[in-house]
Each structure stands twice: as C-alpha cells, then as structure tokens.
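Numbering (the UniProt record's numbering), first residue to last: 1 to 336.
Below, the structure is given as structure tokens:
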C-alpha cells in the first residue's frame, strides 16, 4: 500500500528550505527535492522512496548521517534495527523475513554514515546470499559487537570501510579459536583502538603485538583486553615476555616494553594495577600501545583507572578496601 501523499506533502511543507515553492512535489526541480531529502529523518525517507521509482532513486542517492547510537540485533529468523535520534526521536524496524532483513542491512550500508553501530546478531548472516553477495561497506566511526555470532562478526568486519576509529568486541564474543583469522582482517590491523572484552587464552597478547610489528603500526595504536582467569593472567604476561625475550627493553611487575622492527617505535604492555585492581584481583586488565622509542619511563601514565573504565565502565562502582576475590561471579560483575 502506497504512503499517504497528503502526509508527505505536509512533511515537505514543514521543512525550512528557501525558497518556498507553491507547487506540487512532483513538479519541483530535482535539486530542490534533494535539499528536502537531506533534511528528512530515516522514516520519512523510507516513506518517500515508496511513492515512485523516480523518488526512490533520489532518496537512495543521498547519504544520511546517524549521530547517535544505532543497533542491529536479532536471533533465529528475525532482525531489528533501532536508531535513537538526538532530538528524542526513535526508529525501530523489525523484520522477520531474513531475506528482506538482509536487504535492509545492505540498504543501510549504502546510505548510512554512522557515528556508532552495535551488532547483536545470533543468526548467521554469512549464509545469506544477499549479504555475502553485496559488496557495499559500512561507513562508521565506532563499531561494537555484543552477544554476536562470531562468523557474523568476522563477515561484518570485512564489510566496514577503512577509517573506522574504534572496534569493541564485547560480551559473549568468544573468539579464541578465531583470533588468527581476525588479526588478518585489514580493519583490525589499521584501527587506532580496539578491545576484546574477555579473552580466555594465553596467546592474545603476543599475537596482537606480533601483528603490529609485522604491520609497522602507527604510534598511538592501542589494544585492550581483560581476563578473569588467574592462570591466564600470569601465563599471558610471562608468555609475552618469553616470546619477545630478545626484544625486551625494560620489564617490571606491571609493564613490559619491547622493540619493534622500526627503530622509532616500541610496544608497551601494561597490566592495569591500582588501589582497587591489585595483582591478585579476580580480573585483570591489559593495555597495549605503540609508543615512541624516545618515550621516557617517567612519562608513563600510572593512573590506569581511566583506561580500565573505558573497556569496563562497571569498574566505576568498585572502591578500594573491599575484599574482591576470585570466587566472585564474573557474570554478576558484567551485569552491574
């Protein structure tokens, strides 16, 4: 069923565009229509593109900027897209036919310029021919994966345009077996910041560092991860030191600094330790940075609370003096 043309006309009249044309929409010049379309919200554009083929072509030719949070989520045979605007406007599109849902995802790739995108998709998109066969790329600054099928995550990472600034691999994304494949993805190799919320293996630290060495990554490149397995904490730190024994510049209880193949760059591994997150805390936080080879130890930032809370904002509720032990339930911690 076609949208209500009177509603579209009223919508157009409400847009602040000069000059004001006292004429029907269909008689307006294409350049004026494009000015109108640029000011429309997503739901208004979707309504307009259903009116005629010519309007669809005009609407689809214009990018739309999404400044606020945006989320693709779904399970089994359904997919939802939720967008919350800065002006308290809210858009939700629920699609239960997966072919139609994937076509919508591809459409959003084509027209959207996203400040941030979150994916929580359990149903494998990679098996869908409409997704696999589409060569469009997401334009996005920050991307987050939470409770996401790992195959989906890898497929989506490959469909992100270069220039992404942050990649967050979050809750329930167990990637230990796929880490090598993930480190081969250009978007991961080039992103300035990324983190893995929880990693259970001991190989993560040295594999990320080796990727940076091989790629000659830029100064400022940052990676963070956390673990709640004590044996992983100690083994990871020592395994990293052993793996790069011939590259070590300096080592302490909470830092290891190594040389790269570039004489101008070093890699600094830090263990997040403060008055709350002590060496025997039930979880531990690691941060990697590519730093200048000329950086002095006196320039290190000893206040790790800020970067710990970036990967785990729930750490704000923890205070010194409480007895947090390894017996605490990590699932409860994640839900705080």
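By construction, the Cβ of each residue, glycine as well, lies at the ideal position given by its N, Cα and C atoms.
All values reported here derive from a predicted model rather than from experimental measurement.
Segments of 3+ residues assigned as beta strand (DSSP E) that fall wholly inside the segment 197–283: 222–227, 248–251, 255–259, 265–271
Write down the C-beta distance between residue 289 and residue 222 rounded to the nearest angstrom, noting that I regard them as a contact closer than 8 Å. 5 Å
So, for residue 240: in the same chain, excluding its five sequence neighbours on each side, which residues have a beta-carbon less than 8 Å away from its beta-carbon? If we look at residue 240 and ignore the five residues flanking it on each side, its Cβ neighbours are 205, 206, 209, 256, 269.
Which class does residue 56 belong to by DSSP, given the choice of helix, strand or coil? helix
List the DSSP bridge partners of residue 168. 144, 195
Residues near residue 78 by beta carbon distance below 6 Å, same chain, minus five either side: 96
Given that a residue counts as buried once 16 or more other Cβ atoms are within 10 Å of its Cβ, and exposed if not, what is residue 36? buried
In angstroms with no decimal places, state the Cα-to-Cα distance between residue 32 and residue 45. 15 Å
When you compare the CB positions of residue 119 and residue 145, do they come within less than 8 Å of one another, or not? yes
Outcome for residue 49 when other beta-carbon atoms lying within 10 angstroms are tallied against a minimum of 16: Result: buried.
For residue 57 and residue 38, the rounded distance between their alpha carbons: 14 Å
Exposed or buried, what is residue 265 when buried is set at 16 or more other beta-carbons lying within 10 Å of its beta-carbon? Residue 265 is buried by the Cβ-count criterion.
Let me know the secondary structure DSSP gives residue 185 once reduced to three states. coil
Straight-line Cα distance separating residue 110 from residue 337: Look at the range of the chain in this structure, 1 to 336, and you will see that residue 337 is not part of it.
For the alpha helix (DSSP H) containing residue 38, list its first residue and its last residue. 30–38
Going by DSSP, what residues sit across from residue 26 in a beta bridge? Answer is none; residue 26 lacks a bridge partner.
Per DSSP, what kind of secondary structure is residue 65 in: helix, strand or coil? strand
Compute the Euclidean distance between the alpha carbons of residue 132 and residue 98, then round it to the nearest angstrom. 13 Å
By Cβ distance, which residues of its chain are closer than 8 Å to residue 213, with the 5 residues on each side in sequence left out? 260, 261, 267
Can you name, in chain order, every residue of its own chain whose Cβ lies under 7 Å from the Cβ of residue 302, other than the five neighbours on each side? none
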